[in-house]
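Okay, structure first, notes after.
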Amino acid sequence: MGIDGDAPGPPHRQFGEEGGRLSYGGYLCLPELLAQQRPQSNAPDELLFITIHQVYELWFKLLLHELEGAREAMFAGELWRARHVFRRVHAVERVLIEQIEVLETMTPQDFLEFRSQLAPASGFQSVQFREIEFLSGLKDERYLGSFRHASDTELARLRRRLGEPTLWDAYLTALARRGLAVSDEEIMASLLAVARDRRSYDDLWQLAEDLLTHDETAAQWRMRHVQMVERQIGTKSGTGGSTGAPYLRGRTRLHYFPLLWELRAWL
Ligand code: HEM
Ligand SMILES: N[C@@H](CC(=O)c1ccccc1NC=O)C(=O)O
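Just so we're aligned: 233 in the numbering used here is position 232 of the sequence shown, and the numbers increase by one with no gaps anywhere.
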């Protein structure tokens, strides 16, 4: 009898006999993955700190992949495919926000047990985080300066992102494909036309809403991050050399797609 005993229903097809090469841990490279947590101290909470950041970077990797897919779909005029991808992007982004709560179970006293070991490292140096910003339209070359310690390949990736089209460029292409004008002078009129004629442009409207949700969720993460920072280090400056919370508060006002926010005032 199989492990599922006498479960009702049709007999199960037995897997596991075919290729015989893959195992769970082998497929997922678990020996390698689980060997990558190397605390710098004996502080009990450092494993949590490392794990959270590694999980973030894995999700960032997936987000970059999905956002590239959404951009490609918009360029190809396949709006349904871009919208499908954005549903996944939003779901992952909500997980990124929720995850902060797990790190907030750490007390500031426990964080201080290993915080001094971390400097000058900080989230400033997350290449993938900055790639997501660049791809989303927030291109700020000044950040290349914070990657002095990055490898040549990482720097090349960031430079490539600075030169690449953004999600907004792709959306403008989707508008143009439908005969809408996208020059700086005419773009607001086109966005208004989309908003006011849902019968003709509902797919473009919904896609703009998806972009806006991506923007809004990123802003929510920045807000949650700075709340966590204030809870952990108060008014102390950051290990990365910034003023800490004041610097991060300033970044909560940023928008990936300012015109979509401005549109609201014209409706
Ligand atoms: C105890 C928890 C945390 C504290 C106290 C903290 C603190 C800070 C501070 C002070 C900065 C400003 C740069 C500096 O001068 O150091 C910063 C930036 C940043 N942190 Fe954190 N952080 C925490 C957790 C996280 C987590 C879990 C992530 C997830 C990846 C993260 C990602 C980032 C990113 C991406 C930046 C750059 C933000 C920007 O430039 O807009 N941080 N963090
Ligand atoms: N910047 C934080 C330290 C920190 O959170 C951190 C340190 C190393 C690698 C990633 C980090 N996460 C976010 O900044 C601090 O000033 O306490």
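Yeah, the Cβ is synthetic: ideal placement off N, Cα and C, and Gly gets one too.
Is it buried or exposed, residue i, if we count other Cβ atoms within 10 angstroms and call 16 or more buried?
{"i": "residue 2", "result": "Bear in mind that a pLDDT of 47 at residue 2, under 50, signals an unreliable position, so the model cannot answer this."}
{"i": "residue 265", "result": "exposed"}
{"i": "residue 202", "result": "buried"}
{"i": "residue 78", "result": "exposed"}
{"i": "residue 263", "result": "exposed"}
{"i": "residue 189", "result": "exposed"}
{"i": "residue 96", "result": "exposed"}
{"i": "residue 158", "result": "buried"}
{"i": "residue 186", "result": "exposed"}
{"i": "residue 39", "result": "exposed"}
{"i": "residue 236", "result": "exposed"}
{"i": "residue 131", "result": "buried"}
{"i": "residue 59", "result": "exposed"}
{"i": "residue 167", "result": "buried"}
{"i": "residue 33", "result": "exposed"}
{"i": "residue 249", "result": "buried"}
{"i": "residue 182", "result": "exposed"}
{"i": "residue 239", "result": "buried"}
The alpha helix (DSSP H) with residue i in it runs from where to where?
{"i": "residue 54", "result": "47-76"}
{"i": "residue 201", "result": "199-234"}
{"i": "residue 260", "result": "259-267"}
{"i": "residue 26", "result": "25-28"}
{"i": "residue 34", "result": "31-34"}
{"i": "residue 250", "result": "246-251"}
When you compare the CB of residue i with every CB in chain C, is at least one pair closer than 8 Å?
{"i": "residue 87", "result": "Given the protein chain composition of this structure (a single chain), no chain C is represented."}
Inter-stretch contact at 8 Å, needing at least 3 Cβ pairs: the stretch 93-107 / the stretch 120-129: no
Three CB pairs or more closer than 8 Å across the stretch 205-219 and the stretch 165-183: Segments in contact, yes.
The stretch 239-255 touching the stretch 215-229, judged by at least three CB pairs closer than 8 Å: yes
Runs of beta strand (DSSP E) wholly within the stretch 100-138 (minimum 3 residues, chain order): none
The stretch 182-198 contacting the stretch 68-81, beta-carbon criterion three pairs below 8 Å: no
Uninterrupted alpha helix (DSSP H) stretches inside the stretch 134-204 (no shorter than 4 residues): 153-164, 168-178, 188-197
Stretch pair the stretch 108-119 + the stretch 33-44: three plus CB contacts closer than 8 Å: yes
Contact between the stretch 146-154 and the stretch 81-91 (3+ Cβ pairs under 8 Å): no
At least 3 beta-carbon pairs within less than 8 Å: the stretch 142-149 vs the stretch 230-237: no
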